[in-house]
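What follows is one structure encoded as structure tokens, with my remarks underneath.
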Amino acid sequence: MANIFKNFDDKNVNKITGSKEFKEAANDKNINDFVNNKQFKEFKEKYNGKTEEEIIKDAQNMSKQLKEQYGEQEYNKKIQDLKNFEMFLNPEQKKKLRTFLENLK
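Numbering (this note's numbering), first residue to last: 44 to 148.
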């Protein structure tokens, strides 16, 4: 029974990693720099295991601080950069990132 699920997972992973889009992304210097970025790694570690309430509270505090620090235009650019993280996250991390972004207002 376990082999059925393993094969299913392997086939899906191979489909993804074999795709043209994945190969282009894997070879893109900007994406590699982004994924290996210290801030990105710190972000993933900071929100690993956090509750939704903790994420929302952080999002609201961060939003206020960034708007004050950078102004509206630079703030919007930073939010877009944060949205670019999503494609590198697992489903649970994606959900947390979306929750975080939705509560930045």
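Idealized CB from N, CA, C, for every residue including glycine.
Computed from a prediction, not measured in an experiment: that's the story for all the values here.
In three-state DSSP terms, what is residue i?
i    : result
K35  : Any property of residue 35 remains undetermined from this structure, which presents the chain solely from 44 to 148.
T142 : helix
S62  : coil
K110 : helix
K121 : helix
K93  : coil
N127 : helix
N104 : helix
N50  : Caution is warranted here: a pLDDT of 47 is assigned to N50, below 50, making its placement in the model unreliable, and the coordinate value is therefore given only provisionally. In this structure, N50 counts as helix in the three-state DSSP scheme.
Could you check if residue i is buried or exposed, using at least 16 other CB atoms within 10 Å of its CB as the buried criterion?
i    : result
K100 : exposed
K139 : buried
Q116 : exposed
Assuming residue i contacts residue j under a Cβ cut-off of 8 Å, what Cβ separation, rounded to an integer in Å, is found between them?
i    : j    : result
E145 : K137 : Not really, about 12 Å apart at Cβ, beyond 8 Å.
F143 : I98  : 5 Å
Y118 : K126 : So it is not a contact: roughly 13 Å between Cβ atoms.
Y113 : K121 : 7 Å
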